[in-house]
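Peer 1: Residue numbers (this note's numbering): 714 to 1200.
Note that CB positions come from ideal geometry on N, CA and C, so glycine has one too.
Only a predicted model underlies this, so the values are computations on that prediction, with no experimental measurement involved.
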Amino acid sequence: MGEPRPPDGSSGAAHAEADPVSQLEALLALPAEPDLLDRWAASRAPDPLRHFYQIAMQGLGVAPDRVLDAVRHLRTALPEGTLARDALLARLEAHGLRGVGRASASVTLYARAASLYARLGDRAEQVRTAVGWSFALALAGDPREAERVGRGARALLGPGEAVLGARLDTNVATAWQLAGSFDRATMAFQRAFAVLRDAGMAADAGLVAHNLGSLALMSGHADAAELRCREALLLFGTASTGLQPLYSRTILAAVDLTRGRWNEALAAIGMLREDFEQRGDARARAWLHRELAHLFASVGALEAALPEAEAAVGIFREAALTVDAAHTAVLFGRLLARQGQTQAAAAELANARVHFAHSDNRAQLHRVDLERARLQLASGDPTGALATLAPARAYLEKRDPQGDGALARAVAGEIHLHRNHPRLARRLLERAYRDVRRHPAKLERPRFAILAARAATDPAEVTRWTRRALDELERNLLRFGTRQMRV
């Protein structure tokens, strides 16, 4: 159900300031001269750098692009400084890059900040940096490195710092969730949940409970999904959070759909639409459309998913939320392709690709190319599809061998089937079928088996793979719906 929403723990703002964006604009209006920071802060703060840090941290939530501009403006102006200042600005710049969707680019700066804090012997700032760093690695699609960074930071924790450890666990869990490794994500989220709940951090514990509910639903465990999301609602109620309860209510509506409770689910979705509209928050409305698109697509209702994805993309673009628009465009393009609207699908995927190339998000870039290759194949261009797929397959097979890597291998098999190379196609498809373990690629196992049956030359093998396809399809349907839903 979309992307997880972890408390990434990187917000170090301490004091409330009125309109941080206007203060950032005031700094940007000053010339890049050595006394820039002092002139900007004037007499308002005894420590201008700390004051800037607090303002910038507050600005990240509303204008990360201006925070990034301000940090770079300051770097240009200031003379060579201390290691502590360099580390602070490196981490701020990393936060800004991550905030504008350039998670991969931010990783290098987080690593630099962590290295500088290690040289200073500042254990607390090393850990604080690792929290943001591990979250950036999660977004960049590198769960193993996120786990390594998290493990290293946990070794630095002192007594009474269990909450920081929970934040690290949350980010590692997010990395595995985004990579489709749900068992590993669930274990890490469960560790974090216990600590955050016992520490009385209801809002953060609620976020983790919500993610556990989302994982349970995507794994086909409706009862566990319902239990976790109701737990999240109780925690959100005590913490008085804004949109978070609506997110969990969306999962509960999805649970009703998977159980075939159509009337209850549609009534809940109608209420959610009203509640999101009342918030007057464009991102919230678009988020609901996107989640519904994911939901309907996951149960095979492509006709229902398509208008939801289209609405989400439109709202995100109108609101200039380019990161969300790009991610949703991939879903929209995939749905358009399944409906045979190849030109529109190609346009959406091309738009998404431009964004991910600009933001250096290699993981998403290769996932877009995987979809582009499938589209080229469907359009009758297996040679072009193979060329598009090759670099994406090499990357995904290495980084995500049980998820999109297996899917890329299956697409390669299908391409070779079209190119009349059945023996090679069968080897690739059989291996893809054997290796795929992660959601949502795992839902395509029935298709892998059907293609393997087409590639087989022995009648007994054709029968065996056809039976496997039917068994896999029935297994998926049993996990994700009742008989009423399957009919």
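Excluding the 5 residues flanking residue 751 on each side, which residues of the same chain have their C-beta closer than 8 Å to its C-beta?
Peer 2: 761
Peer 1: Among 844, 979 and 848, which has the Cα closest to the Cα of residue 888?
Peer 2: 848
Peer 1: Given this structure, state the Cα-to-Cα distance separating residue 725 from residue 913, to the nearest angstrom.
Peer 2: Note that residue 725 scores 41 on pLDDT, short of 50, meaning its location in the model is unreliable; the coordinates nonetheless yield the value given after this. Going from the Cα of residue 725 to the Cα of residue 913 covers about 19 Å.
Peer 1: Confirm, please, whether the CB-CB distance from residue 769 to residue 780 is below 7 Å.
Peer 2: For the 7 Å CB-CB criterion, residue 780 and residue 769 form a contact.
Peer 1: Could you have a look at residue 925 and say whether DSSP puts it in helix, strand or coil?
Peer 2: helix
Peer 1: Determine the DSSP secondary structure at residue 900, reduced to helix, strand or coil.
Peer 2: helix
Peer 1: By a C-beta neighbour count over all protein chains shown, 10 Å radius and 16 as the cutoff for buried, is residue 733 buried or exposed?
Peer 2: buried
Peer 1: Which value, in whole angstroms, describes the spacing of the CA atoms of residue 1055 and residue 830?
Peer 2: Cα to Cα, the separation comes out at about 51 Å.
Peer 1: Can you give the Cα-Cα distance for residue 973 and residue 1103, rounded to whole angstroms?
Peer 2: 41 Å
Peer 1: Between the alpha carbons of residue 1108 and residue 1122, how many angstroms are there, rounded?
Peer 2: Taking the straight line joining both Cα atoms gives about 11 Å.
Peer 1: Excluding the 5 residues flanking residue 1002 on each side, which residues of the same chain have their C-beta closer than 6 Å to its C-beta?
Peer 2: 1021, 1024 and 1025
Peer 1: Residues in its own chain within less than 7 Å of residue 1098 by CB, not counting five upstream and five downstream?
Peer 2: 1086, 1089, 1090 and 1128
Peer 1: Can you tell which of 1073, 1076, 1092 and 1043 has its C-alpha closest to the C-alpha of residue 1084?
Peer 2: 1043
Peer 1: Following the continuous alpha helix (DSSP H) through residue 863, name the residue where it begins and the one where it ends.
Peer 2: 856 to 867
Peer 1: Spell out a yes or no on whether the stretch 849 to 857 and the stretch 870 to 882 are touching, meaning 3 or more CB-CB pairs, one atom from each, closer than 8 Å.
Peer 2: no
Peer 1: Compare the C-beta of residue 1065 with all C-beta atoms of chain C and state if any pair is closer than 7 Å.
Peer 2: The structure shown contains no chain C; it is built from a single protein chain.
Peer 1: Residue 1064 to residue 1074, Cα distance in whole Å?
Peer 2: 14 Å
Peer 1: Extract the residue ranges of the alpha helix (DSSP H) inside the stretch 1039 to 1126, only unbroken runs of 4 or more that lie entirely within it.
Peer 2: 1055 to 1071, 1075 to 1091 and 1095 to 1112
Peer 1: Quick one: what does DSSP say residue 813 is sitting in, helix, strand or coil?
Peer 2: Three-state DSSP puts residue 813 in coil, outside helix and strand.
Peer 1: Could you tell me the alpha carbon to alpha carbon distance between residue 655 and residue 993, rounded to whole angstroms?
Peer 2: Since the displayed the chain opens at 714 and closes at 1200, residue 655 lies outside it and no answer follows.
Peer 1: Helix, strand or coil: how does DSSP classify residue 798 here?
Peer 2: helix
Peer 1: Please report how far the alpha carbon of residue 817 lies from the alpha carbon of residue 855, in whole angstroms.
Peer 2: Residue 817 and residue 855 have their C-alpha atoms spaced approximately 9 Å apart.
Peer 1: Quick one: what's got a C-beta closer than 8 Å to residue 986's C-beta in the same chain, skipping five residues either side?
Peer 2: Non-local beta-carbon contacts of residue 986 in its own chain, meaning distances under 8 Å to residues more than five positions away in sequence, involve 1001 in chain order.
Peer 1: Would the stretch 1112 to 1120 and the stretch 1131 to 1142 be scored as touching if the rule is three or more Cβ pairs under 8 Å?
Peer 2: no
Peer 1: Can you list, in chain order, the residues of its chain with a C-beta nearer than 6 Å to that of residue 932? Leave out the 5 residues immediately preceding and following it.
Peer 2: 895
Peer 1: Rounded C-beta distance between residue 1166 and residue 1146? I'm assuming under 8 Å.
Peer 2: Contact flag wrong, Cβ pair sits at about 11 Å.
Peer 1: Helix, strand or coil: which one does DSSP assign to residue 1134?
Peer 2: If DSSP states are grouped into helix, strand and coil, residue 1134 belongs with coil.
Peer 1: Would you mind listing the beta strand (DSSP E) stretches within the stretch 946 to 987 that are 3+ residues and don't spill past its ends, in chain order?
Peer 2: none
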